[in-house]
Amino acid sequence: MGSIVTNGSPTHGHSKMLNLTLQVWRQKNANTKGRMEEYKLKGVSTDMSFLEMLDMLNEQLIKDGKDPVAFDHDCREGICGMCGAVVNGYAHGPDEATTLCQTHMRSFSDGDTITIEPWRAKAFPVIKDLAVDRTSFDRIIQAGGYVSIGTGGAPDGNAIPIPKESADKAMDAAQCIGCGACVAACPNASAMLFVSAKVSHLANLPQGQVERRERTMNMVRAMDELGFGNCTNHGECEAVCPKEIKMENIALLNREYFKALV
Amino acid sequence: MATVLDSKVPSGPLGEKWEKHKFESKLVNPANRRKFSVIVVGTGLAGASAAATLGDMGYKVKAFCFQDSPRRAHSIAAQGGINAAKNYRNDGDSIYRLFYDTIKGGDYRAREANVHRLAQVSVNIIDQCVAQGVPFAREYGGLLDNRSFGGAQVSRTFYARGQTGQQLLLGAYSALARQIHLKNVEMHTRSEMLDLVVVNGKARGIITRDLTTGKVERHAADAVLLCTGGYGNVFFLSTNAQGCNVTATWRAHRKGAFMANPCYTQIHPTCIPVHGEDQSKLTLMSESLRNDGRVWVPKAKGDKRRPEDIPEAERDYFLERKYPAFGNLVPRDIASRNAKEVCDEGRGVGEGQAVYMDFSHAIQRVGENVIRDRYGNLFDMYEKITAENPYKTPMQIYPAVHYTMGGLWVDYNLQSTIPGLFVLGEANFSDHGANRLGASALMQGLADGYFVIPYTLGNYLGGTKLDPVDANAPEFAAAENDVNERVGKLLSVKGNKTPLQFHKELGKIMWNECGMARNKAGLEKALKAIPALREEFWNTVKVSGEAGEFNQQLERAGRVADFLEFGELFAKDALIREESCGGHFREEHQTEEGEAKRDDENFAHVAAYEWTGKSGEQTRHVEQLVFENVKLTQRSYK
């Protein structure tokens, strides 16, 4: 986390300007080969977010008659999970527990060369430049990442007391934003952290008990079928996760899976 | 003017209207539901809950979102909570009180019957979400926890840390995922609706553009539900996600749906201040922070000392001073206006456009750990953006555009002026009047989707003679042609200014002339500036790339083009509404103490605009608001 500034004036007053060299992955579409291209960008304020820096690059590219860099983004406040790129080798860039949209240019220095690449995984084909197709994550959830109830007829919200500890554990896991950084960082392109977060969220709650076994089996099967690799305990997923989802969820998933098998 | 607007509010006592209406509504029997197809545009709380529920009931549903997954809609960003009249705290809450607070909070510009229904179904929403596995905050005894929000004196807000919107959306998304798996819902991601298709006066389909391939497609159905959110991005800088836009509702407006109260905008008081020209969005700090954060500025103008060097006696806790009953928890419009006022007086902090929100007293009272437990993620987010630590130094905050109460006009059934076109959630105008209370947006989105539309849509489908329709009808061909022409036109200008530049310029006009305080001269200026900017847009915009590919510049250009028409109607509505109410503050209409001064005699109505073929020349229609239960008073939070 950034340094503590106790000065009452905004840090905006401390902003500096950076001149940067960017190495960006350019790929026209899924069927063409991509390559890295180099761009120079001057006068980047350290108060800008990383995506605002890309906006600036794109305005420059358009003015120069070039194709702007495609990248996914939406909320720009670290919660929708739409943005993400591998920056200098790290999914979501250098800052811990931070999405790319919440990474600010004050994390970089004047004269830096920054490499920017898309998530790379068989299950996440590139659409264009930095934008990838993550529908495989939706498919995993569709396979069982829910409690099978329709609308209406739910008992009173306080009918089943849930120990605060269980609710907190469920919430810790439920914070996953489905960005895919865990897959991008994993040498096996495994989706275990993502799957385990959902399994753990529901396994910690009484509402999730009825379908506990089927959910685990169905989600793991979907994960395998969609081309994600397996977990070999590298721990890269936890290191890059912007929501600090823990690997202990993977341990829980493994336990759940064995319990479901026997 | 004789009104063409029939609210279809059922007769009878307020508390019995919804029950009575449900009983009197036509039904579609379960075996017949599969014969009806329904299009749902948008997959936020309203859209995802509607699509999941209708799919579960047996309708054939097609759902669309422009994001890469339905889980990403901007409902996900709501932080603080969701209101429900559960009265779990035994502190005097009731359905009637939630109804009353919402009507009053909206400055008496909402429809009583809709708001009461919202309060009624609020209790079901919490039950539904708990059953889905939404991990709401709990107390040590295992029961659900609550907190307070602005504009209420009871604790009725349920929350999941600072990520309530995310958890509720993931609940609705998971229900939707189940229906997709069961093949009851066909999901189209990265698909943007670019036109509505009307056949024989009824909404029968949409035209979409596949954002990955650029392919323009036709989709036919028996009814269309727009759940496409608000238009806050007309201001360019707002707390909305980058993709939020007015296109779906604006295209429907151009096809005959009336646009209601477009000038009602919520400016949220607690956002991180603007830092520079290249900023792309503003970030909200949840209203829940006002439970423990005290808002203040120095008493003296131009006091540049650091906050910790300013003694208590020289600080002005202006909300506590002016509104002792509600203090820091006054409604959003009032908190925002007061922040602007003290900054306009020269007492703003930081760069001048900011006030402090100070947690030091709360930290002394309950300890840093408790504060971290309540707001940890928000404090972290603040520090990431500003590099300042709010545990040590007060946050700097300033109001920003956050939510839009206006939207397409709907009747009690959530049906627009086009039969078969329903509008849910923020996209409609119906429940929040001129100001929305905190933690009520999530409530409305889910109320509409889970508990209102299943009844009112059935009533329409069961009670309307619908001819078979298919996407080969000439109306579809014409609409598709229009879309293609428009896309072609955007690409053919080949000028020298990017869509982003136009968006920023429009945003400046809107913020300066149609922002927190509005006046006649400024609005008239906007009404000249916006059409001029629109003309410039169509003559000089530079949209790179091609139609048949993934082209984010083209996406933005289309949305900005629609904002350039919508902004004009916004300013027009603000100019005609010669009163102040809620978020609409006309400087000419204020009390001696600077509070909003309504004109109930002339403006206790909804203004709904009908497209007449040319931007800015819409016809203004009026739906008189009838208050049978609450007495209209000057809102007081003192």
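Protein chains in written order, with my numbering: chain A, 2 to 263; chain B, 504 to 1141.
Here a beta-carbon is modelled for each residue, glycine too, at the ideal position from N, C-alpha and C.
Predicted model, so just to flag it, every value in this text is computed and none were measured.
Cβ of Thr152 of chain A within 8 angstroms of any chain B Cβ: For Thr152 of chain A, the answer is yes, since a Cβ of chain B falls inside 8 angstroms of its Cβ.
Starting from the Cα of Glu226 of chain A, find the closest Cα among A:Lys247, A:Gly85, A:Lys123 and give me that residue. A:Lys123
Give the DSSP-derived three-state secondary structure of Tyr562 of chain B in the structure shown. coil
Separation of Lys705 of chain B from Glu527 of chain B, as counted between CA atoms: 23 angstroms
Please list, in chain order, all residues of the same chain as Phe925 of chain B whose beta carbon is under 6 angstroms from its beta carbon, the five residues on each side excluded. Leu728, Leu917, Gln918
C-alpha gap between Gly952 of chain B and Gly550 of chain B, whole angstroms: 6 angstroms
So what does DSSP say about Met193 of chain A, is it helix, strand or coil? helix
Extent of the continuous alpha helix (DSSP H) run through Arg1062 of chain B: 1055-1079
Are the C-beta atoms of Pro922 of chain B and some chain A residue less than 8 angstroms apart? no
Per-residue contacts from Glu720 of chain B into chain A (C-beta, under 8 angstroms): Neighbours of Glu720 of chain B on chain A: none; closest Cβ ~18 angstroms, over 8 angstroms.
For Ala1099 of chain B versus Ser1083 of chain B, is the C-beta spacing smaller than 8 angstroms? yes
Do Ala828 of chain B and Tyr1140 of chain B come within 8 angstroms of each other at the CB atom, strictly closer than that value? yes
By DSSP's criteria, Val1044 of chain B is part of a beta bridge. Which residues make up the other side? B:Lys1000
State the Cα-Cα distance for the pair Pro801 of chain B and Trp753 of chain B, rounded to the nearest angstrom. Going by the C-alpha atoms only, they are around 44 angstroms apart.
For chain A, is any of its Cβ atoms less than 8 angstroms away from the one on Pro513 of chain B? no
Could you check where the beta strand (DSSP E) with Phe925 of chain B kicks off and where it finishes? 924-926
What ranges does the beta strand (DSSP E) occupy inside the stretch 730-778 of chain B, keeping only unbroken runs of at least 3 residues that lie completely in it? 768-774
In the DSSP output, which residue or residues are listed as bridge partners for His691 of chain B? B:Phe567
Is Thr12 of chain A close to chain B? Criterion is C-beta to C-beta, closer than 8 angstroms. For Thr12 of chain A, the predicted model reports a pLDDT of 45, less than 50, meaning its position is unreliable and no value from the coordinates is stated.
Determine whether the Cβ of Leu740 of chain B lies closer than 8 angstroms to any Cβ atom of chain A. no
Would you mind working out which of B:Ser1047, B:Gly1025, B:Asn1015, B:Glu1038 sits nearest Val990 of chain B, comparing C-alpha positions? Nearest C-alpha to Val990 of chain B: B:Ser1047.
Interface residues of chain B facing Asn234 of chain A [CB-CB closer than 9 angstroms]: Per Cβ cutoff of 9 angstroms: no residues; Asn234 of chain A is ~27 angstroms from chain B at best.
Look up Leu714 of chain B in the DSSP assignment and say whether it is helix, strand or coil. Note: Leu714 of chain B maps to coil in three-state DSSP.
Taking 8 angstroms as the threshold (C-beta atoms), are Tyr906 of chain B and Arg875 of chain B in contact? no
For chain A, find out if any of its Cβ atoms is closer than 8 angstroms to the Cβ of Ala680 of chain B; answer yes or no. yes
Element boundaries [beta strand (DSSP E), containing Lys41 of chain A]: 36-46
Verify whether the separation of the beta carbon atoms of Thr766 of chain B and Phe1069 of chain B is less than 8 angstroms. Here residue 766 of chain B is Cys; the residue named in the question, Thr, does not match the sequence. No, the Cβ-Cβ distance between Cys766 of chain B and Phe1069 of chain B is not below 8 angstroms.
Enumerate, from N- to C-terminal direction, the unbroken beta strand (DSSP E) stretches of 3 or more residues contained entirely within the stretch 777-854 of chain B. 797-801
By the three-class DSSP mapping on this structure, what secondary structure does Thr1115 of chain B have? For Thr1115 of chain B, the three-state secondary structure derived from DSSP is coil.
So Asp1065 of chain B and Thr750 of chain B are in contact, right, with Cβ under 8 angstroms, and what is the actual spacing, rounded? 5 angstroms
Please tell me whether Thr692 of chain B and Thr152 of chain A are closer than 8 angstroms, where the distance is taken between their beta carbons. By the CB criterion at 8 angstroms, Thr692 of chain B and Thr152 of chain A fall outside the cutoff.
Going along chain B in order, which residues have a C-beta closer than 7 angstroms to the C-beta of Ala71 of chain A? Phe1053, Gln1055
Taking a contact to mean a Cβ-Cβ separation below 8 angstroms, would you say Val70 of chain A touches Val25 of chain A in this structure? yes
Reference Asp973 of chain B; option with closest CA among B:Asp861, B:Val531, B:Ala566, B:Arg721: B:Arg721
Could you check whether Thr217 of chain A and Asn189 of chain A sit closer than 8 angstroms to each other, using their CB atoms as the reference points? no
State whether the stretch 773-791 of chain B contacts the stretch 734-742 of chain B, with contact taken as three or more CB pairs (one from each stretch) at a distance under 8 angstroms. Counting Cβ pairs under 8 angstroms, three or more are found: they touch.
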